[in-house]
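Numbering (UniProt numbering), first residue to last: 1 to 110.
Quick look at the structure:
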């Protein structure tokens, strides 16, 4: 990810399916889904359950997905997942993260 590109986050972290979609979009925009590290706390402060579950780990350059985490979050794209996300909704959320325009209040990342 080009660090010069401005990114935006929702002023209020969503819940439920919208949170799952938001997280999927964050992982793609930050390239965490491709194994890269990112200071995830710039987007959200509470992802302790993913740290405790071994899906995300802390490193010198931020946080990154573990192998288990990659499988877990990719699993959300499968129809049988109870936390299923739709590719079109994730793509729309990616547009909002990059533009700051979309449903809800968007603010520039610190």
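We put the beta carbon where it would ideally sit given N, CA and C, even for glycine.
This one's a predicted model, so the numbers in the text were calculated from it and none came from an experiment.
Close beta carbons around residue i, own chain, < 8 Å, minus the five adjacent residues each side
| i | result |
| --- | --- |
| residue 28 | 90 and 94 |
Distance, residue j Cα to residue i Cα
| i | j | result |
| --- | --- | --- |
| residue 6 | residue 78 | 31 Å |
| residue 86 | residue 21 | 8 Å |
| residue 46 | residue 23 | 12 Å |
| residue 102 | residue 35 | 27 Å |
| residue 135 | residue 88 | Any property of residue 135 remains undetermined from this structure, which presents the chain solely from 1 to 110. |
C-beta atoms of residue i and residue j nearer than 7 Å
| i | j | result |
| --- | --- | --- |
| residue 54 | residue 68 | yes |
Proximity to residue i [Cα-Cα], best of the options
| i | options | result |
| --- | --- | --- |
| residue 61 | 43, 39, 48 and 82 | 39 |
| residue 16 | 56, 66 and 76 | 76 |
| residue 57 | 71, 74, 72 and 37 | 37 |
Contact set for residue i: own chain, Cβ-Cβ below 6 Å, skip 5 residues either direction
| i | result |
| --- | --- |
| residue 26 | 43 |
Bounding residues of the alpha helix (DSSP H) (the contiguous stretch that carries residue i)
| i | result |
| --- | --- |
| residue 22 | 16 to 29 |
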